Each structure stands twice: as C-alpha cells, then as structure tokens.
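In what follows, a single structure is set out as structure tokens and then discussed.
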Amino acid sequence: MSKLVQLYSAALNGLQAIPVEVEVHSTKGVKTALVGLPDNAVKESLDRISAAIQNTIGTIPSQKYTINMAPADIRKEGTAYDLPLAIAILTTGGQIDNDELKQYMLVGELGLDGSIRPVHGALPIAIKAREMGLKGLIVPLDNVREAAVVNNLKVYGAHNLVEVVDFFNGKPTLQSTEIDTRREFAEHQASFDNDFSDVKGQENVKRALEIAAAGGHNIILIGSPGCGKSMMAKRLPSILPPLTLGESLETTQIHSVAGKLSKDTSLIAQRPFRSPHHTVSDVALIGGGTNFQPGEISLAHNGVLFLDELPEFSKNVLETMRQPLEDRHINISRAKYSIDIPCSFMLVASMNPCPCGYYNHPTHACTCTPGQVQKYLGRISGPLLDRIDIQVEVTPVPFEDLNKAPAGESSATIRERVIKARAVQAERFKDYPAVHCNAQMPTKLLNLFAQPDAAAAKRLHDAMLRYDLSARAYDRILKVSRTIADLDGSPDILLRHINEAVGYRNLDRSTWGE
0 MSKLVQLYSA ALNGLQAIPV EVEVHSTKGV KTALVGLPDN AVKESLDRIS
50 AAIQNTIGTI PSQKYTINMA PADIRKEGTA YDLPLAIAIL TTGGQIDNDE
100 LKQYMLVGEL GLDGSIRPVH GALPIAIKAR EMGLKGLIVP LDNVREAAVV
150 NNLKVYGAHN LVEVVDFFNG KPTLQSTEID TRREFAEHQA SFDNDFSDVK
200 GQENVKRALE IAAAGGHNII LIGSPGCGKS MMAKRLPSIL PPLTLGESLE
250 TTQIHSVAGK LSKDTSLIAQ RPFRSPHHTV SDVALIGGGT NFQPGEISLA
300 HNGVLFLDEL PEFSKNVLET MRQPLEDRHI NISRAKYSID IPCSFMLVAS
350 MNPCPCGYYN HPTHACTCTP GQVQKYLGRI SGPLLDRIDI QVEVTPVPFE
400 DLNKAPAGES SATIRERVIK ARAVQAERFK DYPAVHCNAQ MPTKLLNLFA
450 QPDAAAAKRL HDAMLRYDLS ARAYDRILKV SRTIADLDGS PDILLRHINE
500 AVGYRNLDRS TWGE
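Number 490 in numbering that gives the first Met the number 0 belongs to position 491 of the sequence shown; there are no gaps in the numbering.
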C-alpha cells in the first residue's frame with residue numbers, strides 16, 4: 000500500500016529562508032530515490048537517518064521510498080534536512096500518526112544515536128515559519144533560544160529523535176520556548192572590560208576616536224610600534240552608542256546564518272568587533288564560498304571592523320572593500336547564487352608609517368630610505384584612503400609622562416557625549432530612514448545639512464587647493480566637520496570645526512612626515 004507524506008523544512012539564501020516541501024512517497028520495493036537537487040551532505044543523510052532510527056525507534060520498513068524536495072530548482076545543501084526526512088519516513092511506515100505534520104517546519108542534523116545537533120540559520124528560518132502562518136517550528140535544543148526570539152510562533156527545542164516522534168504522536172515531550180525579546184535585550188546590554196580610563200595621554204587620538212564614534216566615521220591610526228594604536232582601537236566599542244533592538248535583530252540574523260551564536264545566546268546586544276588577521280582571504284573578508292558564508296565585513300555589521308597592520312593585507316583584499324565601504328551592503332554573485340547582504344560597519348585601521356616602523360618618530364631613528372617609505376605607504380591605494388574619513392598620527396608618550404599622567408577620561412563619560420551627538424543626528428535624519436549618522440549622508444543631504452559658514456568655506460577651499468584633495472575627501476571633511484559641530488552643540492559648521500576636520504587628512508598630504 001502506497002502512502003504520501005508532506006511536511007516543511009527550509010533552505011537558506013543569504014539572510015533569507017526559503018520554504019522547502021519535503022515529500023516522501025512509499026510503495027512496495029526496496030530502492031530509495033532522493034530528488035530535488037540535493038548536495039552530497041543531503042544524500043548522505045539517508046545513511047545517518049537509517050542508523051539513527053535503528054538505534055532509537057526500530058527498523059525502517061523495507062519499502063521503496065521516493066523523496067522529493069521542492070522547489071526542485073533550488074540546491075539543497077547541508078545537514079538540516081535530516082530531521083524532517085526522518086519524520087516523513089517514519090510517518091510513511093506508520094510509526095507516527097498525525098494529520099497536521101504540514102503545519103510544522105522542522106530542521107536539525109541527526110547523530111547516529113538519534114541526537115539532534117545544531118544547524119545554521121535558525122533565526123531566519125523561524126521568521127519564515129511565522130510568515131507562513133505555521134503552527135510551530137521544531138529545532139535542535141541548542142538553537143531554540145535564537146529561534147524563540149521570533150514572537151507569535153511556537154518554537155520547540157528537541158534533544159533527540161524520540162522526543163519529536165512522541166510529540167507528533169500526542170505525548171507532551173516538547174514544550175514551546177518563549178522569550179520576552181525586549182526584556183532579554185535590556186538584560187544583555189553591553190558591559191566592557193576595556194575602558195578609555197586605562198589610556199594615559201594620547202588626548203588627540205581619543206578625541207579623534209570620539210568624533211569617529213559620534214558620526215560613524217571610518218578612521219585610520221598611523222604610528223610606530225608600541226604607541227597604543229591597537230589598545231585604543233579595541234576600546235572603541237565602549238564609547239559607541241548601544242544597539243537598538245532593530246539593529247540587534249539584524250546583527251543576530253547574520254551571526255545565526257554564519258553559525259556564530261552559542262546555545263545560550265538569543266540576541267546580540269553588543270556591537271560586534273571583528274579583527275581578522277592580515278592573512279585573511281578576500282572570500283573570508285567579503286563572504287561567499289561554494290556554500291555561502293557571511294564574511295567578516297558582514298559579521299561586523301552595526302559594529303566595528305578592525306584591520307591591524309593595514310599595509311600587510313593583500314592588495315586584492317583591500318580593494319574588495321572599496322564598494323562595501325561606500326554602499327554599506329555587498330552583492331555577491333556566483334554561479335550558484337546571487338546574494339545581497341548588509342555590511343554597515345565602522346572601519347578602524349592601524350598601520351606603521353614605514354617598514355621599520357619608526358618614520359617620523361621623535362626619538363628613534365628610521366632606517367628606511369625615502370623610496371621604501373613611499374612604497375610602504377603606497378600599499379594603501381588613494382581611493383581606499385579617500386573612503387577613510389579620519390586619519391590620525393599617533394606618537395608615543397614618553398615614559399616619564401606616562402608615569403606622571405593621571406587616569407584618562409572614562410568610556411562612560413565619552414559615551415554620554417557620543418549618544419547626545421547621535422540623538423541630534425537621529426532628529427536630523429528622521430525623514431531619511433536609510434541614513435542613521437553623519438558618515439552615511441549622501442551628497443544631497445550634505446548640501447542640506449553640512450554647509451559651512453563663509454569663513455569656514457574659504458578655509459576648506461584653500462585646503463583643497465593646497466593639499467590637492469579629491470572630491471571624495473572634500474565630502475569626508477564636510478561630514479567630519481558636521482560631527483564635530485554636533486559634539487560642540489553648534490547648529491552651524493564654523494571655522495574651528497573645519498580646521499579640526501582638515502587636520503584629520505594627514506595622509507592626503509604629500510609632505511606628511513617631513
């Protein structure tokens with residue numbers, strides 16, 4: 000006697016989940032056919048499922064199974080289909096008696112002992128299940144907290160195959176998990192181990208980092224080894240404004256697809272800080288691969304991407320960042336897929352000024368020739384530097400000054416000023432939902448909100464001619480000066496604001512370091 004069973008699982012396409020209808024038809028025979036464009040991991044699932052069922056439920060009835068995964072034009076990848084396939088096969092064999100299977104979506108990898116192991120992308124899958132109006136979603140127990148963030152959907156976390164079988168047979172083996180998203184978000188607001196009070200001296204650098212945080216500007220720190228570039232960069236998240244709930248959900252979704260969430264994490268409440276090594280590949284940085292994975296720039300979405308020793312990154316890797324830095328999203332097109340993924344991050348970079356590291360050092364002699372210095376600086380292309388709003392020279396603090404210097408201003412104090420400046424920007428851009436801070440202003444909004452007064456405009460004009468700055472550098476100076484004015488509580492961009500902003504274009508000057 001033949002039997003047809005249908006239920007839902009899901010495939011991931013970037014940050015979106017696509018419903019996959021799993022159909023299992025059983026009839027007399029011994030052959031099993033799996034169709035619907037499965038990859039090798041899905042094909043191997045039949046062996047895992049067979050072992051898992053034999054070790055928990057019993058033997059699979061010896062029949063001919065035709066398994067279809069629709070839509071058939073989308074490639075099915077990974078191990079998340081193990082659980083729905085097992086449940087469908089058991090239903091055709093009579094071990095499960097339930098007419099509402101199609102009201103549930105299931106994902107999970109099976110171990111040979113019947114345990115259910117975590118999968119990637121539980122959060123976007125839960126969002127899709129709610130959109131479809133399904134009764135519930137069954138996920139591995141390790142994924143239940145991230146999926147339960149989605150309200151108005153019953154999410155069940157299962158430890159093993161037997162629990163799911165018993166659940167569909169009417170036994171109360173699974174309980175839905177509910178999370179108060181707003182309370183969870185409030186309880187996990189960021190706390191920081193690193194604080195700017197640990198930094199003695201370097202007031203000009205801390206001021207530049209405060210401006211960068213207040214306006215969302217990209218920043219590069221140039222200085223000799225040991226002057227504190229990395230130390231200060233790692234403290235930048237402590238002065239950034241807290242994530243909004245919307246930003247938290249968006250960030251969590253990316254980390255869910257990448258499989259970066261721990262089983263105890265439901266929401267990412269702290270801005271990401273990603274610091275890839277300079278040997279990173281372009282695929283690892285921007286995302287992609289045979290099976291799509293978000294790259295470092297997307298994992299840093301709504302947070303900070305820190306590139307230490309910037310000239311040591313390969314030229315190809317650095318140039319791939321130019322378009323994402325400008326557009327704040329990236330479209331990755333491959334033979335098998337085309338995916339658009341957000342990557343709105345603050346770039347914080349650090350570098351030595353030359354190969355030996357001591358060019359322009361006040362006390363330590365540089366051993367590099369002028370040609371070596373220029374070649375080293377030339378590893379950072381002009382178009383990439385144009386996209387970095389603030390360029391700061393970091394000089395070492397003498398030991399005697401370090402010993403006498405009082406503790407610096409705390410991160411909490413600086414953060415209050417940053418939040419106040421961001422509130423001004425939120426009010427300014429309330430009619431422009433795609434713009435959240437000054438660094439994101441397009442030319443149209445620059446003309447509306449970042450026009451300097453007469454004296455400041457003349458100073459900017461003179462600087463453009465003197466330093467031969469590009470049109471993009473002109474826009475960067477206006478954006479930075481707008482942020483400085485916001486921190487100053489000034490509605491207008493004045494001469495002192497332009498002067499400070501121009502001072503943050505050091506690397507644009509051919510005479511830098513002389």
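C-beta: ideal position from N, C-alpha, C; glycine also.
Values in this document were obtained by computation on a predicted structure and should not be read as measured data.
With 16 other Cβ atoms within 10 Å as the buried cut-off, status of Glu-518: Residue 518 lies beyond the range of the chain shown here (0 to 513); nothing can be said about it.
Please classify Asn-151 as buried or exposed, where buried requires at least 16 other C-beta atoms within 10 Å of its C-beta. To locate residue 151, count along the sequence shown from 1; it is residue 152. Classification for Asn-151: exposed.
Helix, strand or coil, according to DSSP, for Lys-63 in the structure here? Numbered from its first residue, the sequence shown carries residue 63 at position 64. Of the three classes helix, strand and coil, the one that applies to Lys-63 here is strand, per DSSP.
Continuous beta strand (DSSP E) stretch holding Ile-329: start and end: As a first step, residue 329 is located in the sequence shown; it is residue number 330 there, counting from the start. Residues 328 to 332.
Is it buried or exposed, Val-204, if we count other Cβ atoms within 10 angstroms and call 16 or more buried? The residue labelled residue 204 in the question sits at position 205 within the sequence shown. Buried, by the Cβ-count rule.
CB-CB under 7 Å to Cys-367, same chain, minus the five flanking residues each way: which ones, in chain order? Counting from 1 along the sequence shown, the entry for residue 367 is found at position 368. Here the set comprises Cys-353, Pro-354, Cys-355, Tyr-358.
Ends of the beta strand (DSSP E) at Pro-139? For the purposes of this step, residue 139 is taken as the residue at position 140 of the sequence shown. First-last of the beta strand (DSSP E) with Pro-139: 135 to 139.
Supposed close pair Gln-164, Leu-100 - CB separation, criterion 8 Å: Start at 1 with the first residue of the sequence shown, and residue 164 comes out as number 165. Start at 1 with the first residue of the sequence shown, and residue 100 comes out as number 101. At residue 164 the sequence reads Val, which differs from the Gln that was named. With a Cβ gap of about 12 Å, Val-164 and Leu-100 do not count as contacting.
Go ahead and label Lys-127 buried or exposed: buried means 16 or more other beta carbons lie within 10 angstroms of its beta carbon, across all protein chains shown. Numbered from its first residue, the sequence shown carries residue 127 at position 128. By the neighbour-count criterion, in which a residue is buried when 16 or more other Cβ atoms sit within 10 angstroms of its Cβ, Lys-127 is buried.
Can you give me the start and stop residues for the beta strand (DSSP E) that Met-104 sits inside? Here the question's residue 104 lines up with position 105 in the sequence shown. That run of the beta strand (DSSP E) goes 103 to 105.
Is the segment 113 to 131 touching the segment 231 to 242, taking contact as three or more C-beta pairs under 8 Å? no
Hey, how far is the Cα of Lys-545 from the Cα of Gln-252? Examination of residue 545 is not possible in this model, given that the chain is present from 0 through 513 alone.
CB-CB length for Asn-54 against Phe-167, believed under 8 Å: For the purposes of this step, residue 54 is identified with residue 55 of the sequence shown, where counting begins at 1. For the purposes of this step, residue 167 is identified with residue 168 of the sequence shown, where counting begins at 1. Between Phe-167 and Asn-54 the Cβ distance is about 19 Å, and since that is not below 8 Å, they are no contact.
Contiguous beta strand (DSSP E) assignments of at least 3 residues, all confined to the segment 14 to 84: 15 to 26, 31 to 34, 63 to 69
What separation, rounded to the nearest whole angstrom, lies between the Cα atoms of Leu-477 and Asn-446? Residue mapping note: residue 477 aligns to position 478 of the sequence shown, counting from 1. Residue mapping note: residue 446 aligns to position 447 of the sequence shown, counting from 1. Approximately 10 Å, taken between the alpha carbons.
Any idea what DSSP makes of Tyr-358, helix, strand or coil? For the purposes of this step, residue 358 is identified with residue 359 of the sequence shown, where counting begins at 1. Correct three-state label for Tyr-358: coil.
For the structure I just gave you, are there three or more beta carbon pairs, one from the segment 134 to 153 and one from the segment 56 to 64, closer than 8 Å? no
Taking contact to mean 3 or more Cβ pairs, one atom from each stretch, closer than 8 Å, check whether the segment 456 to 464 and the segment 416 to 431 are in contact. no
Rounded C-alpha distance that separates Asp-263 from Val-19: Taking the first residue of the sequence shown as 1, we reach residue 263 at position 264. Taking the first residue of the sequence shown as 1, we reach residue 19 at position 20. The alpha-carbon atoms of Asp-263 and Val-19 are separated by roughly 28 Å.
According to DSSP, what are the bridge partners of Asn-159? Locating residue 159 in the sequence shown gives position 160, where the first residue counts as 1. Ser-114, per the DSSP bridge assignment.
Using 8 Å as the cut-off, can you tell me whether the segment 214 to 227 makes contact with the segment 181 to 196, which would need three or more C-beta pairs spanning the two stretches below that distance? no
Hey, out of Gly-57, Val-29, Asn-159, Ala-207, whose CA is closest to Asp-81's CA? If you number the sequence shown from 1, residue 81 lands on position 82. When only C-alpha atoms are compared, the closest one is Asn-159.
Using CA atoms only, rank isn't needed, just tell me which of Ala-157, Ala-422, Leu-6, Asn-12 is closest to Lys-335. Along the sequence shown, read from residue 1 onward, the residue named residue 335 stands at position 336. Per the Cα distances, Asn-12.
For the segment 38 to 53 against the segment 102 to 111, are there 3 or more C-beta pairs whose distance is under 8 Å? yes
With DSSP as the reference, label Tyr-503 as helix, strand or coil. On the sequence shown, position 504 is the one that residue 503 refers to. Three-state result, Tyr-503: coil.
Following the continuous beta strand (DSSP E) through Ile-514, name the residue where it begins and the one where it ends. Look at the range of the chain in this structure, 0 to 513, and you will see that residue 514 is not part of it.
Just the Cα atoms here: how many angstroms apart are Thr-176 and Ser-247? As a first step, residue 176 must be located in the sequence shown, where it is residue number 177. As a first step, residue 247 must be located in the sequence shown, where it is residue number 248. Cα to Cα, the separation comes out at about 20 Å.
Starting from Gln-145, trace the alpha helix (DSSP H) both ways and give me its first and last residue. Sequence index remark: in the sequence shown, residue 145 carries index 146 (1-based). Inspection of the sequence shows that residue 145 is occupied by Glu rather than by Gln. Note, Glu-145: alpha helix (DSSP H), 143 to 146.
Arg-182, buried or exposed, once every other Cβ within 10 Å from all chains shown has been counted against 16: The residue labelled residue 182 in the question sits at position 183 within the sequence shown. With fewer than 16 Cβ atoms within 10 Å of its Cβ, Arg-182 is classed as exposed.
What three-state label does DSSP hand Val-417 in the structure shown? By one-based count along the sequence shown, residue 417 stands at place 418. Here Val-417 sits in helix by DSSP.
Got a sec? Which residues, its chain only, sit under 6 Å from Ser-297 by beta carbon, not counting five neighbours each side? The residue labelled residue 297 in the question sits at position 298 within the sequence shown. For Ser-297, where only same-chain residues beyond five positions count, the Cβ hits under 6 Å are Ile-253, Gly-286, Ile-340, Cys-342.
From the DSSP output, which residues share a beta bridge with Val-391? Residue 391 sits at position 392 when you count from the first residue of the sequence shown. Leu-220.
CB-CB under 7 Å to Lys-27, same chain, minus the five flanking residues each way: which ones, in chain order? Translated into positions along the sequence shown, residue 27 becomes position 28. Taking C-beta separations shorter than 7 Å and ignoring five residues to either side along the sequence, the partners of Lys-27 in its chain run Gln-62, Lys-63, following chain order.
Does the segment 221 to 229 come within contact of the segment 315 to 325, defined as at least 3 CB pairs closer than 8 Å? no
Look at Ala-500 and Ser-480 and say whether their C-beta atoms are less than 8 Å apart. By one-based count along the sequence shown, residue 500 stands at place 501. By one-based count along the sequence shown, residue 480 stands at place 481. Contact flag set, yes.
Closest to Leu-208 by C-alpha separation, out of Leu-140, Glu-408, Asn-351, Ile-52, would be which residue? Sequence index remark: in the sequence shown, residue 208 carries index 209 (1-based). Nearest option by C-alpha distance: Glu-408.
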